[in-house]
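Chemist: Pasting in a structure now, in structure tokens, and then I'll have a few things to ask.
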Amino acid sequence: MRYIPHTEDDVRQMLEVVGAPNTDALFDPIPLALRLDRPLDLPPALSEQELVRELSGLAAKNAHAESHDWFLGAGTYAHFIPSAIDALASRGEFLTAYTPYQPELSQGTLQAIFEWQTMMSSLAGVEVANASMYDGASASAEAVLMAMRVTRRQRVVIAPGLHPNTRAVVETIVSGLQPELVFLEEADSIEAAIDDTTACVLMQRPDFFGRVGDLRVAAEAAHAHGALLVSVVAEALSLGLLASPGSEGADIVCGEAQSFGVPMGLGGPHLGFLAARQKFVRQMPGRLVGETVDQRGLRGFVLTLSTREQHIRRERATSNICTNQGLCLLRATIYLSLLGRVGLRQLAERNLAKAEYAKTRVRATAGLELADDAPTFNEFAVRVPDSAAAALGRALEAGCVGGLDLGTLVPERADQVLVCTTEVVSREAIDRLVAALAGAEA
Amino acid sequence: MSERQGNQGGRPVGAPNVARGFSYDEPLIFEHSRPGRVGFSLADCDVPEVDPAEVLGAAAVREDALTLPEVSEVEVMRHFTRLSTWNAAVDFGLYPLGSCTMKYNPRVNERVAALPGFAQAHPLQPPALSQGFLELAWRLERGLAEVSGMDAVSLQPAAGAQGELVGMMMIRAYFADRGEVRTKVLVPDSAHGTNPASAALNAYEVVTVLTGDDGLLHPDEVEKAMAPDVAGLMLTNPNTLGLFETRIAEIADVVHRQGGLIYGDGANLNAILGVARPGDLGIDVMHFNLHKTFSTPHGGGGPGAGPVGVKALLEPYLPRPVITRKGDDAGADADAIGADAIFGLDFERPKSIGRVHGNFGNVGMFVRAWAYLRALGPEGLRRCAEMAVLNANYLLARLGDTFFVPYPGRVMHECILSDRHLADTGVTTLDVAKRLIDHGYHPPTIYFPLVVEGAIMIEPTESEPKEGLDRFIEALLAIEREAHADPETVKTAPHTTRHNRLDETRAARKPVLRWEPPEGE
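What follows is the structure, given as structure tokens:
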């Protein structure tokens, strides 16, 4: 076996030292009746060459962003990934290291996390960002739990437009602590929904339908009742262009940063993030890296405030979370370094321009209309002449994965397609998609 | 010291000190920033440019300058390459972190996970366009079920701790469904910290069960704690002392007799691959750590993956959606997934606990884990367990005469030593761990499990050859001798790293959690 170095001679010598006649005897503590008396029923081992062929065959059965023009977003975004990211993130020193519990041997990982925390807190517009969460959905759930701890309240108001899958995850993860979850409809007033027992208001921007709402109204209403505003971000690139959630009054900012150099990867691993105002730092979940010095006074970094965490506090921890998304965070830190403050803004503006062009085409095409009036960033809902499924079938024939059939997640929008235009789609592909959605010849 | 080496720890003199040999001083990426540099390129715009303020409203557009650096691709490559050299990693050598199973991470796994059909596919594309992924996930679920002796598997949890949370949620849903009120969960004192934390998130009261003098859980201790209001017991087998819970069958019986369920923490599954299966030991629900047992990389602390396996009685409560195959599952109908499609998704799971991940879980880890299962096959998996257990027992046999061994006897995948015999030297477990760094080893897990004072928890895994273990043993024995002869050197270790011991108290007292631009920028 190519991953196991032991020769038969090694095994013989080692068994002698151990005092076991054979390898079976190593398992003497396991009662015979409890042992498996047959080989595992699994397919036989493959050589590396066979393995690559088999897995390539499976991969080839999936559509992907190189096989089609890609307009499907809805929380997972097709952005171009610079080559430097794969080159750096595949280095064994990052890839095969563990959690930086031994700081003298983990300064590379620790400094990269500190850089991430700096970048993410700036993007979020609040003072502290943690070392990442599993994904945007679970980060949102953790933000709700955090707001409940901070306010010692049990009522959570959720503004319309939260990604349905995020909603589902929040409902599941917080269910054990039984908060009252109030889901608002489009027509409901946020101000009226908040009362003095409300822990927080959760609001996604841009929302699931791509609409860029105003956080300030919700923030003021929340703060007037001693509640927190939790801002959820599903398309992190929007932070490069939109006023920061913190500047609009958000107390906790959380969401998904997959857009920053992490592949779509069928939905994971992605990069959840959570950031908050300094005064709430001791109620934050997840790992934090802090600056310090060594005994010679040299600047260095360590995991800090770990008395919040499960390995110290056990059942009284702020969260049960033990890992972060280290490698995804590294990718995002490299991505944001490459783009820089100028590049990130340019890229965000490019996404906006593509969407505005596509919307112009939709408005000009018979049979199609925009489903919402609100301004959008790089994603918007289009009402099609028949069903979303039929329109997307036409798009597929035209070489496009044309967006999300909204009816699959939001039944009342079954005649709508959620179209996303990032920098990877060309004007020509947009024209082709719009024609296909409308059912007309391009 | 020769004249040429100067007086700064061997650094050359006469020029700014940026490096010691090829160990570089590397500032923060922000400190490299120069206005006008950029590390990325954008194609010419093929659509009309727009004014964001006009489209979105001026108030909606960001005005503050982001704290992002301005650097070229060259600086970025050098910066992160230099940072990487400050990390220890499995690729350098033995990384004997107990309970973490730091085995070799095969590179073919990375290669197949990066195939565009996996890396550049989307979670919400219709199942008809994801047949390769669904087939892989479906097969991995069944492979994990076979390895563990469970009846069904969900791959959705993003990490082991989330798997625990999901497992405890399913237990909660099961009792709610039966109309039973059970408010407590038993957790041994040797358990991972995530166990009680996951139970607490389910609003369970945690009742600690004491480990016996032999390091094992005893049926009578469980019996004493077991009651009609106890939902079950969370246990790890082999346990965190590296010992197989020999009386697991009786313990399971005690819990089951009173209607409780057993949660199995799969962190230590590597020790028993192909030898014994949690499902045959009476465990009702468990999680797998794909990043431990199934070789997906730890990545500096994630991403991991923590699939859950259940016995049939808990299957209705699995997270949704569930992957189905046409022909053998009720949920997969041709209309829903297209005529040619075989694999589909079943969302109609009324008893499901719901979703815990925004998508399917950490799919990239599923691809790697499946590649690992396919590379090893049934014999290879069993060989992993055999060699991992052989390595741990070999270490114990050669170190046990010198270091204090709190629980002598046959261990499974890891062994526990302690610093007790060093008490008269003033050298502690922490010092031994830090001194190992000077010998080129990442320290073992220390001060865990909590039931052993000054624990040194060593898990060599099957990846280490005999001569590698011999060198590690010699290093530990040398440190032990040094502790008696020259304790100060051990207590001030490490001496060879770029940083010596870092001031963690200072970091926590006045936390500095981000870089601030200098005044005036």
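Chains as they are written, first to last, in my numbering: chain H, 155 to 596; chain P, 828 to 1348. Virtual Cβ for every residue (Gly too), placed ideally from N, Cα, C.
1. If you measure between the beta carbons of P:G1020 and P:H1114, is that distance less than 7 Å?
2. Can you tell which of P:A1224, P:D1016, P:Y1268, P:G1236 has the C-alpha that lies nearest to the C-alpha of P:G1039?
3. Can you check whether the CB of H:G444 is closer than 7 Å to the CB of P:P1338?
4. What is the rounded straight-line gap between the Cα of H:A535 and the Cα of P:E962?
5. Check distances from the C-beta atoms of the segment 197-223 of chain H to those of chain P and list, in chain order, the residues that come in under 9 Å.
6. Just the C-alpha distance for P:R999 and P:G1136, rounded to the nearest angstrom, thanks.
7. Only counting the same chain, and skipping five residues up and downstream in sequence, which positions put a Cβ closer than 6 Å to that of P:A1161?
8. Work out the CA separation of P:Y1090 and P:I1110 for me, nearest whole Å.
9. I want to verify the contact list: residues of chain P whose CB lies under 7 Å from the CB of H:N478, in sequence order.
10. Which of the three DSSP states, helix, strand or coil, is assigned to H:M438?
11. Please go through the same chain and pick out, in chain order, the residues whose beta-carbon is closer than 6 Å to the beta-carbon of P:R1195, but skip the five residues on each side of it.
12. Should H:N176 go down as buried or exposed, given a rule of 16 or more other Cβ atoms within 10 Å for buried?
13. So, for P:W1197: in the same chain, excluding its five sequence neighbours on each side, which residues have a beta-carbon less than 6 Å away from its beta-carbon?
14. Ends of the beta strand (DSSP E) at H:C408?
15. Use the C-beta contact count for P:V1008: other C-beta atoms within 10 angstroms, 16 or more gives buried, fewer gives exposed.
16. Spell out a yes or no on whether the segment 393-402 of chain H and the segment 271-283 of chain H are touching, meaning 3 or more CB-CB pairs, one atom from each, closer than 8 Å.
17. Note down the Cα distance separating P:L1203 from P:Y1268, rounded to an integer number of angstroms.
18. Would you mind telling me which residues of chain H sit closer than 7 Å to P:A950, beta carbon to beta carbon, in chain order?
19. Report, in whole angstroms, the separation of the C-beta atoms of H:A429 and P:R1182, which I expect to be a contact under 8 Å.
20. Could you have a look at P:I1300 and say whether DSSP puts it in helix, strand or coil?
21. My parser needs the beta strand (DSSP E) runs of 3 or more residues fully inside the segment 1267-1316 of chain P; what are they?
22. Tell me whether the segment 872-891 of chain P and the segment 1224-1232 of chain P touch, counting them as touching only if at least three CB pairs, one residue from each stretch, are closer than 8 Å.
23. Please confirm if the segment 895-907 of chain P is in contact with the segment 216-225 of chain H, defined as three or more CB-CB distances below 8 Å between the two stretches.
24. Measuring alpha carbon to alpha carbon, tell me which residue in H:D178, H:G440, H:L264 is nearest H:R189.
25. At a Cβ threshold of 7 Å, is H:L383 touching chain P?
26. Can you tell me where the beta strand (DSSP E) holding H:F337 begins and where it ends?
27. Would you verify that the beta carbon of P:E876 is, or is not, closer than 7 Å to some beta carbon of chain H?
28. Compare the C-beta of H:A297 with all C-beta atoms of chain P and state if any pair is closer than 7 Å.
29. Between the segment 1322-1346 of chain P and chain H, which residues of the former have CB atoms less than 7 Å from a CB of the latter, in chain order?
30. Determine which residues of the segment 489-514 of chain H have a Cβ less than 7 Å from any Cβ of chain P, and write them out in chain order.
31. Does the pairing of the segment 353-367 of chain H with the segment 1202-1216 of chain P give three or more beta-carbon distances under 8 Å?
32. Shorter than 7 Å from the beta carbon of P:I1264 to some beta carbon of chain H?
33. What do you reckon, are the CB atoms on H:L369 and H:A411 nearer than 7 Å?
34. Need the endpoints of the alpha helix (DSSP H) that P:I998 sits in, please.
35. Going by DSSP, what residues sit across from H:C574 in a beta bridge?
36. If the cut is a Cβ gap below 7 Å, which residues of chain H does P:S911 touch?
Modeler: So, from the listed chains and residues:
1. Taking the first residue of the second sequence as 1, we reach residue 1020 of chain P at position 193. Taking the first residue of the second sequence as 1, we reach residue 1114 of chain P at position 287. Against a cut-off of 7 Å, the Cβ pair of P:H1114 and P:G1020 comes out as no contact.
2. Counting from 1 along the second sequence, the entry for residue 1039 of chain P is found at position 212. Among P:A1224, P:D1016, P:Y1268, P:G1236, the Cα nearest to that of P:G1039 is on P:D1016.
3. Against the second sequence, residue 1338 of chain P aligns to sequence position 511. Against the first sequence, residue 444 of chain H aligns to sequence position 290. Against a cut-off of 7 Å, the Cβ pair of H:G444 and P:P1338 comes out as a contact.
4. Position 381 of the first sequence, counted from the first residue, corresponds to residue 535 of chain H. Position 135 of the second sequence, counted from the first residue, corresponds to residue 962 of chain P. Whole-angstrom Cα-Cα distance: 31 Å.
5. So the list reads P197, P198, A199, L200, S201, E202, E204, L205, V206, E208, L209, S210, G211, L212, A213, A214, K215, N216, A217, H218, A219, E220, S221, H222, given in the order they occur along the chain.
6. By one-based count along the second sequence, residue 999 of chain P stands at place 172. By one-based count along the second sequence, residue 1136 of chain P stands at place 309. Using only the alpha carbons, I get a separation of about 16 Å.
7. Residue 1161 of chain P sits at position 334 when you count from the first residue of the second sequence. Per-residue confidence for P:A1161 stands at a pLDDT of 43, beneath the threshold of 50, marking its modelled position as unreliable; no derived number is given.
8. The residue labelled residue 1110 of chain P in the question sits at position 283 within the second sequence. The residue labelled residue 1090 of chain P in the question sits at position 263 within the second sequence. Rounded to the nearest whole angstrom, the C-alpha separation of P:I1110 and P:Y1090 is 6 Å.
9. Reading the first sequence from its first residue, position 324 is the one you call residue 478 of chain H. Those within 7 Å of H:N478 in chain P are G1128, G1129.
10. Locating residue 438 of chain H in the first sequence gives position 284, where the first residue counts as 1. Shown here, H:M438 sits in coil according to DSSP, grouped into three states, outside any helix or strand.
11. Taking the first residue of the second sequence as position 1, residue 1195 of chain P is located at position 368. Excluding residues within five positions, the ones whose Cβ falls inside 6 Å are N936, A940, T1123.
12. On the first sequence, residue 176 of chain H is found 22 positions in, with the first residue counted as 1. With fewer than 16 other Cβ atoms from the protein chains shown falling within 10 Å of its own Cβ, H:N176 counts as exposed.
13. Looking up residue 1197 of chain P in the second sequence gives position 370. Closer than 6 Å at the Cβ level, and outside the excluded window around P:W1197, lie L963, L967.
14. Residue numbering aside, residue 408 of chain H sits at position 254 when the first sequence is read from its first letter. Counting along the chain, the beta strand (DSSP E) containing H:C408 begins and ends at 406-410.
15. Locating residue 1008 of chain P in the second sequence gives position 181, counting from the first residue. In this structure P:V1008 is exposed. Its beta-carbon is surrounded by fewer than 16 other beta-carbon atoms within 10 angstroms.
16. In this structure the segment 393-402 of chain H lies against the segment 271-283 of chain H, because at least three pairs of beta carbons, one per stretch, are closer than 8 Å.
17. For the purposes of this step, residue 1203 of chain P is taken as residue 376 along the second sequence, with counting starting at 1. For the purposes of this step, residue 1268 of chain P is taken as residue 441 along the second sequence, with counting starting at 1. Straight-line Cα distance between these residues: approximately 28 Å.
18. Within the second sequence, the letter at position 123 stands for residue 950 of chain P. Inspection of the sequence shows that residue 950 of chain P is occupied by Pro rather than by Ala. Those within 7 Å of P:P950 in chain H are T230, L420, G421.
19. The residue you call residue 429 of chain H lines up with position 275 of the first sequence. The residue you call residue 1182 of chain P lines up with position 355 of the second sequence. Actually they do not touch by this definition, with Cβ atoms about 24 Å apart.
20. Looking up residue 1300 of chain P in the second sequence gives position 473. In the structure shown, P:I1300 sits in a helix (DSSP, three-state: H, G or I).
21. Taking only runs of at least 3 residues, the beta strand (DSSP E) segments lying wholly in the segment 1267-1316 of chain P are 1282-1285.
22. The segment 872-891 of chain P makes no contact with the segment 1224-1232 of chain P, as fewer than three CB pairs between them are under 8 Å.
23. Touching, no, given that fewer than three Cβ pairs across the two stretches are closer than 8 Å.
24. Along the first sequence, one-based indexing puts residue 189 of chain H at 35. With respect to the C-alpha of H:R189, the residue from H:D178, H:G440, H:L264 having the closest C-alpha is H:D178.
25. Taking the first sequence and counting its residues from 1, one reaches residue 383 of chain H at position 229. Closer than 7 Å: no.
26. Translated into positions along the first sequence, residue 337 of chain H becomes position 183. 334-337 is the span of the beta strand (DSSP E), which, as asked, contains H:F337.
27. On the second sequence, position 49 is the one that residue 876 of chain P refers to. Chain H, which has a Cβ nearer than 7 Å to the Cβ of P:E876, makes this yes.
28. Position 143 of the first sequence, counting from 1, holds the residue named residue 297 of chain H. No, no contact with chain P.
29. For the segment 1322-1346 of chain P, which is checked against every Cβ of chain H, the residues closer than 7 Å are T1324, R1325, H1326, N1327, R1328, L1329, D1330, E1331, R1333, A1334, A1335, P1338, V1339, L1340, R1341, W1342.
30. Correct list: L490, S491, L492, L493, G494, R495, V496, G497, L498, Q500, L501, E503, R504, L506, A507, K508, E510, Y511.
31. Result no; under three Cβ-Cβ pairs closer than 8 Å.
32. Along the second sequence, one-based indexing puts residue 1264 of chain P at 437. Chain H, which has a Cβ nearer than 7 Å to the Cβ of P:I1264, makes this yes.
33. As a working mapping, residue 369 of chain H is identified with position 215 in the first sequence. As a working mapping, residue 411 of chain H is identified with position 257 in the first sequence. Their beta carbons are not under 7 Å apart, which means H:L369 does not touch H:A411 by this criterion.
34. Locating residue 998 of chain P in the second sequence gives position 171, counting from the first residue. Taken as a continuous stretch (DSSP letters only), the alpha helix (DSSP H) holding P:I998 covers 987-1004.
35. Here residue 574 of chain H is taken as the residue at index 420 of the first sequence, counted from 1. Within the DSSP bridge table, the entry for H:C574 names H:E533 as partners.
36. Walking along the second sequence from the start, residue 911 of chain P turns up at place 84. Neighbourhood of P:S911 in chain H, by CB distance below 7 Å: R245, E247, F248, G262, in chain order.
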